[in-house]
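There are 8 protein chains.
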Amino acid sequence: MAGVSPTEPRPLAQTLDLGFARLDLGRLARTGDPETVLAAGKSPDEVVAILRELAAHSQGRAVLATRCADGTLAACRAAFGERAVIDGRGRTVVLGAVPQPLGAVAVVTAGTSDLPVALEAVTTVGVHGSAADLVVDVGVAGLHRILAEQERLARADAVVVVAGMDGALPSVVAGLVRTPVIAVPTSVGYGAAFGGLAPLLAMLSACAPGVSVVNIDNGFGAGVTAARIARAVARG
Amino acid sequence: MAGVSPTEPRPLAQTLDLGFARLDLGRLARTGDPETVLAAGKSPDEVVAILRELAAHSQGRAVLATRCADGTLAACRAAFGERAVIDGRGRTVVLGAVPQPLGAVAVVTAGTSDLPVALEAVTTVGVHGSAADLVVDVGVAGLHRILAEQERLARADAVVVVAGMDGALPSVVAGLVRTPVIAVPTSVGYGAAFGGLAPLLAMLSACAPGVSVVNIDNGFGAGVTAARIARAVARG
Amino acid sequence: MAGVSPTEPRPLAQTLDLGFARLDLGRLARTGDPETVLAAGKSPDEVVAILRELAAHSQGRAVLATRCADGTLAACRAAFGERAVIDGRGRTVVLGAVPQPLGAVAVVTAGTSDLPVALEAVTTVGVHGSAADLVVDVGVAGLHRILAEQERLARADAVVVVAGMDGALPSVVAGLVRTPVIAVPTSVGYGAAFGGLAPLLAMLSACAPGVSVVNIDNGFGAGVTAARIARAVARG
Amino acid sequence: MAGVSPTEPRPLAQTLDLGFARLDLGRLARTGDPETVLAAGKSPDEVVAILRELAAHSQGRAVLATRCADGTLAACRAAFGERAVIDGRGRTVVLGAVPQPLGAVAVVTAGTSDLPVALEAVTTVGVHGSAADLVVDVGVAGLHRILAEQERLARADAVVVVAGMDGALPSVVAGLVRTPVIAVPTSVGYGAAFGGLAPLLAMLSACAPGVSVVNIDNGFGAGVTAARIARAVARG
Amino acid sequence: MAGVSPTEPRPLAQTLDLGFARLDLGRLARTGDPETVLAAGKSPDEVVAILRELAAHSQGRAVLATRCADGTLAACRAAFGERAVIDGRGRTVVLGAVPQPLGAVAVVTAGTSDLPVALEAVTTVGVHGSAADLVVDVGVAGLHRILAEQERLARADAVVVVAGMDGALPSVVAGLVRTPVIAVPTSVGYGAAFGGLAPLLAMLSACAPGVSVVNIDNGFGAGVTAARIARAVARG
Amino acid sequence: MAGVSPTEPRPLAQTLDLGFARLDLGRLARTGDPETVLAAGKSPDEVVAILRELAAHSQGRAVLATRCADGTLAACRAAFGERAVIDGRGRTVVLGAVPQPLGAVAVVTAGTSDLPVALEAVTTVGVHGSAADLVVDVGVAGLHRILAEQERLARADAVVVVAGMDGALPSVVAGLVRTPVIAVPTSVGYGAAFGGLAPLLAMLSACAPGVSVVNIDNGFGAGVTAARIARAVARG
Amino acid sequence: MAGVSPTEPRPLAQTLDLGFARLDLGRLARTGDPETVLAAGKSPDEVVAILRELAAHSQGRAVLATRCADGTLAACRAAFGERAVIDGRGRTVVLGAVPQPLGAVAVVTAGTSDLPVALEAVTTVGVHGSAADLVVDVGVAGLHRILAEQERLARADAVVVVAGMDGALPSVVAGLVRTPVIAVPTSVGYGAAFGGLAPLLAMLSACAPGVSVVNIDNGFGAGVTAARIARAVARG
Amino acid sequence: MAGVSPTEPRPLAQTLDLGFARLDLGRLARTGDPETVLAAGKSPDEVVAILRELAAHSQGRAVLATRCADGTLAACRAAFGERAVIDGRGRTVVLGAVPQPLGAVAVVTAGTSDLPVALEAVTTVGVHGSAADLVVDVGVAGLHRILAEQERLARADAVVVVAGMDGALPSVVAGLVRTPVIAVPTSVGYGAAFGGLAPLLAMLSACAPGVSVVNIDNGFGAGVTAARIARAVARG
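Chains as they are written, first to last, in the numbering used here: chain E, 7 to 242; chain S, 7 to 242; chain G, 7 to 242; chain P, 7 to 242; chain X, 7 to 242; chain R, 7 to 242; chain B, 7 to 242; chain H, 7 to 242.
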């Protein structure tokens, strides 16, 4: 595999070349957010190696891997032990200390099955410097559930709404709050939900303004956006 | 055009052959609902001819044409005058007297732009023997609007919910009522609504049970189903 | 996993918060139908816990779990023993006594492979208070099969038609009966059936009025709607 | 537009080069069917020119243009006068004498709106050397209509079934006859019919064997296939 | 599972009710083709039971099961031994003697990977009373391969063309032969072939007339149609 | 049109019922944003009537109509004269004074053809209380164009990126800035852009975090979200 | 329209800012190809203005506008007179002298209706510095047509193949030549061709290697790629 | 399985018939590229047999198998030992000596997960007679990575760009280089990436000219095209 065998890392300007990956060490300075490892499509060894290098260049600040399969979670547990916080349900690994939180993000789910995606968002918010408040199972089939939580929503600087099936919850929430709503469609559902297509299209067509949407099951992306908002608002 | 030129109507058992159409005169006896004319794809002359024949065989009971283009509405006005009730917005023509209503159907719309489809449903309910109550513009972006109408919903034997965009309203309504909810997705919306695909998929994936769905913009189909239910309940 | 660990259940108004789920105890009073557990996406332990809590708040009336994987069926068998009725083919668990049936629902399948979905509908009808009559394998390729069963169809207050492949059966049935037809497309078929898309679109485009459609393989949804109709008709 | 200006026709082996088109004069000898002009996407002048050249090389046998817009029909009328048979509804032009028919093809439509496609098939069958029998408006919502025509179907060597919406008719017909059924989905319908996608998928998933399918609205293609079968059977 | 437990078979007119299936014993008399078992979606026991019943009512003529999984093949081998002909690649089981062949069908594949589908077609042709000639791996990337087989194609009464990927072969073949071409798209290919969608759409849009199309991977359907044609031509 | 004729407005709690529309007067208090008129699907008269009522209840603050067809723009010009600011390219009407801006939003387009959507966003940002800076035609085919504008991007509290075709610009921008990026796919492009589907999917799959997406051509939705962020950050 | 009114052009490094467009004057030096105007989505005045500015900065070398509507063609004729070469069928405007051609490109069409796209490619090849040879109407339904032109194909350095419907021609051509084949799917066809989707998917799944694909109807893109290849080969 | 059992190979003109496959031995002479084995859909034994035959007829020049599953790789290792070069990550087997390289191809990936596809391209380029230079993980989220490699890109005669997710990299690269860019969308990504559909559509809609696209994950196809270009340029 000429050209991709891991030779000695060559430091380019703010780039660390591992042969199979080219780490963007300047991302934190440029965007305020550190580089994250999307573990899907990488071997457990590659994930461990990248996390280790990122941590070595992060001045102790937490680095994050998402979408870790069981083998990758085990490899991280073996490699990092107590230094890593591992969430088997949200499939995340956090290595290093999360920053002091600035601002607050509410993470709301329509159903119980949306929890793994919501947990990825909760962890991401923490690593990216804000505090997450998780509100579970408040789908629109029983409206009193979300209406009973309006105060918690009002305390947040941004609201992440995680829903599969009909994807109706973001429209309802956006009609109740003053903050941006970041909607996360999930692959929860079957048949005509088409793996998340139904809630994705519904959320993009939300009848209440103030809703923007991330990819299906992308708790990470929603968490980054929400944390950017909450941090900025808290800083003023 | 051998074989399709309108020769003298040949009466088959409960069928009237106009050459270009074969009317199912037994439908009323068989299903309780008279045959209806879907005007789309037929010439104004054909629609007038079919309505006239259906009326001649209906013992004075109303017959209905739906999805009439402007030319067809004008042709019906010219042909039938006062005997026809013509709704330019719902694009329906009713010829003859509607039956005495049995039971009640609520027809609810999420927005103002859903009105034409809702009006098709309202007219259909009447022709098919039940009474319709129209509740307009109570979409989920302002929840208090639908919550304020719960009593009207509770008086109905079936609820038709007409919504485009995110198609969220049927899930909310079905969580509030005891009757079947017939959901009608509309082509209202743009972009990722994909001509009604978004609300169609969302409604099929509704998170509240008791929802069934008809074709996009199919106020007629929803009206027939709702009237069948309301009539049966009223008859006991 | 702060916020989702099962602490002591907090009773909100008609809501029971299990941490990972928020049970809507008011649903029965509000809609006439008890809350049901969609087991897909939940762990066996979660399903058992939710069923137990729902049963504890249902005054002995049956509660239902659908789409149970083998592990969940086993966990329910271990937890509830004789108190639960478990259908391995329809993948349902019923805990508690089903109500005295009101009215009748015919559940019709086009083919043998549609049976699991039909069985989910049959069980749902029973739990929701009506009686189901199952008519199997009467697809339109041999018309005499459905024509021979017209009397059974005529005895029902609502007809559920379960079909995959071309989804042609609901159009045929709706031309023969006076009751609403609830069509259930199934994922039976291959290639251009696209996992149930072909019968779904065909049923939404049914050429006979009186047909409404639920999600692919959604025997549960069809059963709830049909039982609502049959109960209402029986009560008058 | 160097290279495409109509210079003098260069005869290649069985090919006639008009600059903008290259006519396959050997097709009749090779396949038994003469080359046909698909008028869509060609200017009226081009269609007239191609028809004229094809007729000049066909020994008086009829040549056919399909999908002619109004302007093309008018140009053909002006150019060919009585020598052309023009069908404004099926949008075909036939120039020259149709062959003596061999065998018989039944062309069946589900509804009145399917007529234009059926007429394209009828004309094509004639030009390709067989006799067509047109059976109109026998959709499955009123089964007695098709059941009453079984004898006409039984007399055919091949059956073309033209249907939009749910595309259910070919499955029903194929369960009643011994001949191949060529199914033509039409763009009749709206919403979830998606311009003919619903009947196309349904027909491809037909639950009765013996059905093959052509493109949406492709009466021509069905006619060619059916005529090939009928001619071959008649010849034995 | 009231209503579906296999009680004693009730003979309806030409129907045999096994509880879980309703066999259409009149199909052979009505359509010339015996009922076939689509094994997918049925348990091995069900397939064995249906084959046994069909054979008992077929006067010794062969009956066919298609799409048999390994377990079903094994169950048939155990149940029927030498009396069944089992093809593990085409996934078919034939029980009983195939009829004396009438007419000939060429079955052509574009590539080696299309063989399983072609073998299903070959077996189906035999069971349905005609003779199959298999021509393998003559895709259009090397045109001389199909051009070298033109004589074999010319001897057939119908040609089945099996192709995945670009689905180009039917257009080429239909330009070379006088018989109907039945095109079978296969799921061979990856990426933008989308499980057979690419060749399906390409074949439906074939630029040569005389092509009709069956479902993706549906060698059975193509075989039935081709055999119907070949038998009829041979009988004259 | 019983039930929808505009009778005297009935004031419900914070709702104004015009018969054909039910205005949500409490939206400003509840969400910080006033109700907006989506003119598509409404008649010019309806738009004028709704704008007039909204303005009458807004204490002089600007109200907005979007997606106004030419007839609606003309009707607003006739009805409101100098009091309305009308943008024929962005298809917006603003009635009343825009608020004093808080914070700043950069609105960036990939190409010239994206301008109408960007102008809708610019106007929306102003009506919703923030200041917009428009950066035009900086697509990724010439990277120096966006790199030359990094300072302007850095001054914004949120960045709206409007792009059709490949939808590549949001990924590039999100790698350069610290603020949330709201991506707006446009229907600019042809063929495989599928009316905006290509950039929509690409943006949802953006390889840089911090991107959320709104509906195709939805400059309004992006403007509301961006203004909510900018206002909140400016307020601290 | 603050911010987009054309003020005095501000020269950035190799960029010319017209307010509504930002011309990439460095593209020729950077990529060897001058910037082109995609006229779709721009007003006639904008196209004229951009062409004029590009010409003023091109040292007399030809500049190109594609996809010009009739109004834009007329505006260019009025503005540039004899200096522009205008092709109404290919919808292109060329202003200035085309370069001396290097290398040769064959542009091949499957049918007559593919001509407009092929002409766009022919003109693009010329403007981008190579010579085009147009071969028309050699689709695979009559194989002898393309086989007769093999020598012309062999003289080219790259082959552009333009085809709609089944998109079969590129696979055939790529099996015959040594050069790269650039395939252009066209929107020619109907029904299941889905506006070019069928040939697009077929070409992407071409069974012969050496085929790459551009967007539907994108004669321009194919021309640029082909000219890049031909120029490079000619230069060696 | 009459007709497909491997009898003695029959040599047709430049074709070798193995019964289950028909090898196109004339491809090298005709197109400059030897026949390759697409291993997917073939058994390990078949792949070994075909490779052996191809090698026996290739005068020592390397032959290639792609998309080899683990079992096929093992079978090749067992059959060919040291004579084969096997890449488990790119899933290729090369048997025989690769030609002396002519010209150069840059193979560029957006991310680490795109490596397997890029390795297939690298190997293909070598077997097809050119030299590959692999540039890994230079996606647009960190633009400095690709900008730092511009010199390597400039040394290539063709550039292959491999990217999943948003597919943005080809547009950026095509704006920087003078050579054709062959874009390879990958199935890397999730949700709205839809298995490679998102980058496929984005690349087809690339906003920079000079980009052509191959099938999802088709490193082989890109490699063949790129090598054809590089060889031709090197030969002049």
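Backbone N, C-alpha and C fix where the C-beta goes; we use that ideal spot for every residue, glycine too.
Note that the structure is predicted; figures quoted are calculated from it, not measured.
Residue i - DSSP class collapsed to helix/strand/coil
i                : result
ASP172 (chain B) : coil
SER177 (chain E) : helix
VAL220 (chain E) : coil
VAL230 (chain E) : helix
ARG95 (chain S)  : coil
ALA71 (chain H)  : strand
ALA189 (chain R) : strand
GLY132 (chain R) : helix
VAL239 (chain X) : helix
For residue i: DSSP bridge partner residues
i                : result
ALA90 (chain G)  : G:LEU101
ASP243 (chain S) : Because chain S here runs from 7 to 242, residue 243 (chain S) falls outside it and cannot be looked at.
ALA112 (chain P) : P:ASP139, P:VAL165
LEU44 (chain B)  : B:THR72
Contacts that residue i makes with chain G (C-beta to C-beta distance below 7 Å)
i                : result
GLY195 (chain S) : What GLY195 (chain S) touches in chain G: nothing, since even the nearest Cβ is about 18 Å away.
Where residue i meets chain S, residues with beta-carbon distance less than 9 Å
i                : result
GLY229 (chain R) : Within chain S, no residue comes near GLY229 (chain R); the closest Cβ sits about 15 Å away, beyond 9 Å.
Residue i: contacting residues in chain X (beta-carbon distance under 9 Å)
i               : result
PHE26 (chain H) : THR118, LEU121, VAL142, ASP143
Under 9 Å by beta carbon: chain E residues contacting residue i
i               : result
GLN20 (chain G) : GLY148, HIS150
Within chain P, partners of residue i - CB distance below 9 Å
i                : result
VAL178 (chain G) : VAL146, ALA147, LEU149, ALA174, VAL178
Chain G contact residues for residue i, given Cβ-Cβ distances below 9 Å
i                : result
LEU182 (chain S) : ARG36, THR37
Where residue i meets chain G, residues with beta-carbon distance less than 8 Å
i                : result
PHE226 (chain S) : PRO215
Interface residues of chain S facing residue i [CB-CB closer than 7 Å]
i               : result
ARG33 (chain R) : GLY148
Proximal residues of chain S, C-beta to C-beta of residue i below 8 Å
i                : result
GLU220 (chain G) : The sequence shown places Val at residue 220 (chain G), not Glu. Residues of chain S passing the Cβ test: LEU210, VAL217, SER218, VAL219.
Short of 7 Å Cβ to Cβ, which residues in the stretch 115–131 of chain H face chain E? Per Cβ criterion, the list reads THR118, SER119, LEU121, LEU125.
Output needed in chain order: residues of the stretch 38–64 of chain X with a Cβ under 9 Å from some Cβ in chain G. Per Cβ criterion, the list reads GLU41, LEU44, ALA46, GLY47, LYS48, GLU52, ILE56.
Output needed in chain order: residues of the stretch 159–171 of chain S with a Cβ under 7 Å from some Cβ in chain G. ASP163
Q | Sufficient close CB pairs (3 or more, under 8 Å) joining the stretch 159–174 of chain B to the stretch 155–163 of chain P | A | no
Output needed in chain order: residues of the stretch 185–218 of chain G with a Cβ under 7 Å from some Cβ in chain X.
Among the residues of the stretch 185–218 of chain G, those with a Cβ less than 7 Å away from any Cβ of chain X are VAL194, TYR196, GLY197, ALA198, in the order of the chain.
* Mind the definition here: the stretch 73–84 of chain H touches the stretch 194–213 of chain H only if three or more C-beta pairs lie below 8 Å; say whether that holds. => no
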